[in-house]
Each structure stands twice: as C-alpha cells, then as structure tokens.
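Peer 1: Residue numbers (our numbering): 36 to 379.
Every residue, glycine too, gets a C-beta built ideally from N, C-alpha and C.
Note that the coordinates shown come from a computational prediction; the quantities given were computed from them, not determined experimentally.
After the structure tokens below, expect a handful of questions from me.
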Amino acid sequence: MTKKKSKVLLIYTGGTIGMMQDARSGELKPFDFKSLKEQIPELNKFEIELSSISFKEPIDSSNMHPKVWSELVILIQKNYTKVDGFVILHGSDTMSFTASALSFMLENLAKPVILTGSQLPIGMIRTDGKENLITAIEIAGAKQKNGKPIVNEVCIYFEYKLYRGNRTFKYNSQHFDAFKSPNYPTLAEAGVDIKYNTVAFLKQNKKSLKVYSILDNDIAVLKLFPGISKKITSAIINTQGIKAIVLETFGAGNATTQNWFIDELKNAIDKNIIVLNITQCAEGKVIQGMYQTSSALKKIGVIGGADLTFESAITKLMFLLGQNLSHSQIKKQLQINLRGELTR
Ligand code: ASP
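Structure follows, in structure tokens:
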C-alpha cells in the first residue's frame with residue numbers, strides 16, 4: 036500500500052523571506068510566489084503536496100493588523116479539511132504577536148500551523164530562509180503512525196527550533212536565532228533528525244475546530260519606570276474608550292505604592308476597565324502579594340498575568356474582548372490557561 040502524501044498549504048503574508056534582489060535595480064522586492072519552486076528547487080524533492088496562497092500585497096510585518104489575523108483564520112478554516120498542515124510565511128518583527136493571536140482564535144486546533152520567516156531574503160546566498168521554510172514544511176506535513184499530525188498547535192519555527200508560538204518573543208534583530216521562549220521548552224529541535232519534545236505538546240482534543248474572527252483592540256499599555264509621572268500615567272489610564280490596560284510592572288509584578296498611582300488604577304477598575312499585570316522581565320512570572328509593592332494591586336482588583344508574554348497578553352485581551360463575554364468572565368478567562376500560554 037502506498038503511503039498517502041501529506042498536503043501542506045503555504046500562506047505568504049510578506050516579510051524578508053519572500054524578497055529577492057531585483058537583477059537590474061538591486062532592490063529587495065517580494066518575489067512571485069508562483070515561482071517558489073524555481074527559487075527553492077529542493078521543494079520538488081518533498082514527499083509532500085504543496086499548494087500556496089500569496090497575499091495580493093505582501094506586507095512588512097510591522098504593518099500587521101488584527102484584521103489580517105481575522106483573514107488568516109478564515110483562510111485556515113476554509114482549507115482546514117483539505118490539507119494536513121499550514122505554513123505561514125511572515126516577517127519576524129511581529130511574528131510572535133501573530134502566532135499568539137492565531138493560537139487564541141483557533142480553538143481545538145488539531146493540525147499544525149507553523150509560522151516561519153527569515154532574517155535574510157531567500158534569494159541571498161547566506162539566507163536562513165531556505166532551512167526555515169523547508170523544515171517548517173516538513174513539520175507541517177509530519178504525521179504519526181496512525182495518520183494524525185504530529186503537531187497540533189500554532190508554532191514558530193526558526194533556526195532549528197520549534198516553539199509554542201504564544202510563548203515566544205523576538206529578542207534579536209540581527210542573529211538568525213531571533214526568538215526566545217523563556218518560560219516554556221522548545222517543542223522540537225531540528226538536527227540530523229527532527230526531535231519532537233512530545234511531552235511538551237498541547238493535549239489532543241477531539242472537539243471540532245472553532246474559529247474566532249472578531250478581535251477588539253481597545254487596549255492601552257502602561258509600562259512602568261522609576262519616576263513615571265502622574266500626568267503620563269493619568270493620560271494613559273484615562274484614554275477615552277479603552278476597555279483594558281496591560282500594566283508592565285517590575286520583577287514579580289511590583290509597582291510604586293504611591294497613593295496617586297493606586298488611586299488612578301482603582302478608578303479605572305471601578306469603571307470596569309480590566310487591568311492585567313505582566314512583568315517586564317523576560318523570564319519568570321507575576322505573583323501579586325509576594326512583595327508589599329504588589330499587594331495593593333491585588334487588593335484593588337488588578338489581574339495577575341502570571342508568565343504571559345507581552346504578545347500573549349495583548350492578543351488574549353483582544354480575543355476575549357472580541358467575544359460577548361461578561362466582565363467577570365473575561366477576568367476569569369484571563370487567569371485560565373486557554374492554549375498553553377501561561378503557567379499558574
Ligand atoms: N521587517 C521585516 C518584517 O518583519 C523583518 C523580517 O522579515 O524578518 O516584515
């Protein structure tokens with residue numbers, strides 16, 4: 036019996052990976068994705084059936100927007116039963132935001148959605164894009180003996196490592212090894228073989244895929260620094276129309292205990308604005324009440340965000356605010372591990 040070929044859909048959104056040098060002008064420009072196999076002849080050797088969709092106007096990921104995330108999940112939904120896995124080519128700058136957002140928007144995902152990109156365009160001799168793309172496709176098409184996909188979550192594959200997307204952030208703008216996941220282990224490492232760390236995977240779920248395409252971006256961010264003024268703090272907290280504030284605190288979730296600061300936050304919480312406390316540290320988590328400098332936050336109703344990354348905090352809020360949930364449901368869900376994004 037011949038083994039059925041895996042099918043992978045490649046979605047090109049933009050970013051450095053899909054650019055090549057124009058022969059005449061020398062400028063970097065997006066290449067025509069129809070000629071993908073000409074660019075990377077290695078793709079012909081795959082035992083994988085590859086199809087591709089390219090954004091009409093590929094974007095630098097600094098122009099990424101929640102509307103595009105909605106388009107992406109709808110595209111995934113449309114093709115979900117047709118393919119075994121997805122690879123999304125994306126600029127690295129905001130890749131962790133997109134991966135985090137998609138993880139929330141795709142509930143009960145049973146197939147791999149692998150985001151990848153590169154630091155150097157695919158047409159350059161030293162590009163990191165070829166390896167990233169080829170291995171991402173291999174992972175997206177990889178199946179267990181029972182025919183089910185090996186990976187069933189939204190991941191980032193970059194420089195030989197597969198990460199849970201909503202645990203990552205971009206930490207280096209120059210190195211090929213551009214992402215970190217300090218609070219969660221890598222899901223796979225690619226060497227001679229691809230070694231999957233299956234114990235770290237999300238538990239398989241038999242429910243069918245549920246897609247959420249509505250997000251709400253009425254969120255403000257308040258990053259603390261020693262000496263932050265009442266004027267600035269108040270301007271951010273009292274921004275018209277905001278529904279939530281991501282409060283970026285020190286260490287294990289600590290903040291100044293000055294009365295004016297606590298009063299401003301309390302006023303916001305009394306007006307049903309959600310305040311979510313995450314740490315400025317790349318590793319570790321918020322434990323409100325551990326220090327005196329976080330006890331007041333806990334008392335007035337600030338939500339402790341545990342070890343959520345900034346990217347996950349923002350996109351989880353957009354996702355929860357986008358549904359018709361009550362204020363108390365949103366607060367509860369923020370503290371629950373929905374897609375492997377936090378450790379309590
Ligand atoms: N500025 C680019 C982007 O994020 C960088 C990259 O592709 O890695 O779209």
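Is the number of C-beta pairs between the region 199-212 and the region 172-183 that are closer than 8 Å three or more?
Peer 2: no
Peer 1: Could you say which of LEU311, PRO261, LYS334 and LYS265 lies nearest to ALA279 if we only look at CA atoms?
Peer 2: LEU311
Peer 1: Name, in chain order, the residues that DSSP records as bridge partners for CYS190.
Peer 2: DSSP lists ILE149 and ARG199 as partners of CYS190.
Peer 1: For the region 146-161 against the region 116-124, do three or more pairs of beta-carbon atoms, one drawn from each stretch, fall closer than 8 Å, so that the two count as touching?
Peer 2: Counting Cβ pairs under 8 Å, three or more are found: they touch.
Peer 1: How would you label LEU360, buried or exposed, when you count the other beta carbons within 10 angstroms and need 16 or more for buried?
Peer 2: exposed
Peer 1: Taking all protein chains shown into account, decide if ILE313 is buried (16 or more other Cβ within 10 angstroms of its Cβ) or exposed.
Peer 2: buried
Peer 1: Where does ILE267 sit, in a helix, a strand or coil, going by DSSP?
Peer 2: DSSP, reduced to helix, strand and coil, places ILE267 within a helical segment of the structure shown.
Peer 1: Opposite PHE285 in the DSSP bridges: which residues?
Peer 2: As computed with DSSP, PHE285 is found in a beta bridge with ASN289.
Peer 1: If contacts are defined as beta-carbon pairs under 8 Å, then ILE335 and LEU168 qualify, I think. What distance do you get, rounded to the angstrom?
Peer 2: Taking C-beta atoms under 8 Å as the contact rule, ILE335 and LEU168 fail to qualify, at a distance of about 48 Å.
Peer 1: Assuming LYS72 and LEU63 make a contact with CB atoms under 8 Å, what is their CB distance in whole Å?
Peer 2: Wrong, their Cβ atoms sit about 21 Å apart, outside the cutoff.
Peer 1: Measuring only from the beta carbon, is THR51 closer than 6 Å to any heavy atom that is part of ligand 1?
Peer 2: yes
Peer 1: Nearer than 6 Å: is that true of the beta carbon of SER96 relative to any heavy atom of ligand 1?
Peer 2: yes
Peer 1: Leaving out the 5 sequence neighbours to the left and right, which residues in its chain are closer than 6 Å to LEU44 when beta-carbon positions are compared?
Peer 2: Excluding residues within five positions, the ones whose Cβ falls inside 6 Å are SER86, ASN114, VAL118 and PHE121.
Peer 1: Just verifying my parser: in three-state terms, what is the DSSP assignment at ILE75?
Peer 2: coil
Peer 1: Identify every residue that forms a DSSP beta bridge with THR314.
Peer 2: THR284
Peer 1: Between the alpha carbons of GLN154 and ASP163, how many angstroms are there, rounded?
Peer 2: Between the alpha carbons of GLN154 and ASP163 lies a gap of roughly 7 Å.
Peer 1: Helix, strand or coil for VAL103, going by three-state DSSP, please let me know.
Peer 2: helix
Peer 1: Which value, in whole angstroms, describes the spacing of the CA atoms of SER407 and LYS196?
Peer 2: This structure gives no information on residue 407, because the portion of the chain shown stretches from 36 to 379.
Peer 1: Going by beta carbon distance, what residues of the same chain come within less than 7 Å of GLU318, once the five residues before and after it are set aside?
Peer 2: PRO217 and ASN218
Peer 1: Within 10 angstroms of the Cβ of GLU188, are there 16 or more other Cβ atoms? Answer buried if so, exposed if not.
Peer 2: buried
Peer 1: Going by the C-beta, is GLY164 closer than 6 Å to any heavy atom of ligand 2?
Peer 2: As for ligand 2, it is missing from this structure, which binds only ligand 1.
Peer 1: Count the other C-beta atoms from every protein chain shown that fall within 10 angstroms of the C-beta of GLU283, then say buried if there are 16 or more, exposed otherwise.
Peer 2: buried
Peer 1: Excluding the 5 residues flanking ILE46 on each side, which residues of the same chain have their C-beta closer than 6 Å to its C-beta?
Peer 2: ILE88 and ILE123
Peer 1: Is ASP128 near ligand 1, with its Cβ less than 6 Å from a heavy atom?
Peer 2: Yes, the beta carbon of ASP128 sits closer than 6 Å to at least one heavy atom of ligand 1.
Peer 1: Assuming PHE204 contacts GLU346 under a Cβ cut-off of 8 Å, what Cβ separation, rounded to an integer in Å, is found between them?
Peer 2: Yes, PHE204 and GLU346 are in contact; Cβ-Cβ is about 6 Å, under 8 Å.
Peer 1: How far does the alpha helix (DSSP H) with PHE139 in it reach, from first residue to last?
Peer 2: Residues 130-140.
Peer 1: Could you give the first and the last residue of the continuous alpha helix (DSSP H) run that contains SER89?
Peer 2: It is not in any alpha helix (DSSP H) - SER89 instead sits in the beta strand (DSSP E) that spans 83-94.
Peer 1: Hey, SER127 and GLY158: beta-carbon distance below 7 Å or not?
Peer 2: no
Peer 1: For the region 256-263 against the region 284-295, are there 3 or more C-beta pairs whose distance is under 8 Å?
Peer 2: Because the criterion of three Cβ pairs below 8 Å is met, the region 256-263 and the region 284-295 touch.
Peer 1: Which partner residues does LYS215 have in the DSSP bridge list?
Peer 2: PHE204
Peer 1: Following the continuous beta strand (DSSP E) through GLN56, name the residue where it begins and the one where it ends.
Peer 2: 54-56
Peer 1: Could you check what DSSP says for PHE66 in three-state terms: helix, strand or coil?
Peer 2: coil
Peer 1: Would ILE75 and LYS165 be called neighbours here (beta carbons separated by less than 7 Å)?
Peer 2: yes
Peer 1: If distances are taken between C-alpha atoms only, which option among ILE308, GLN239, LYS42 and LEU250 comes closest to ILE271?
Peer 2: ILE308
Peer 1: Within a Cβ cutoff of 8 Å, which residues of the same chain sit near ALA235, ignoring the five residues on either side of it in sequence?
Peer 2: ARG199, TYR219, PRO220, THR221 and LEU222
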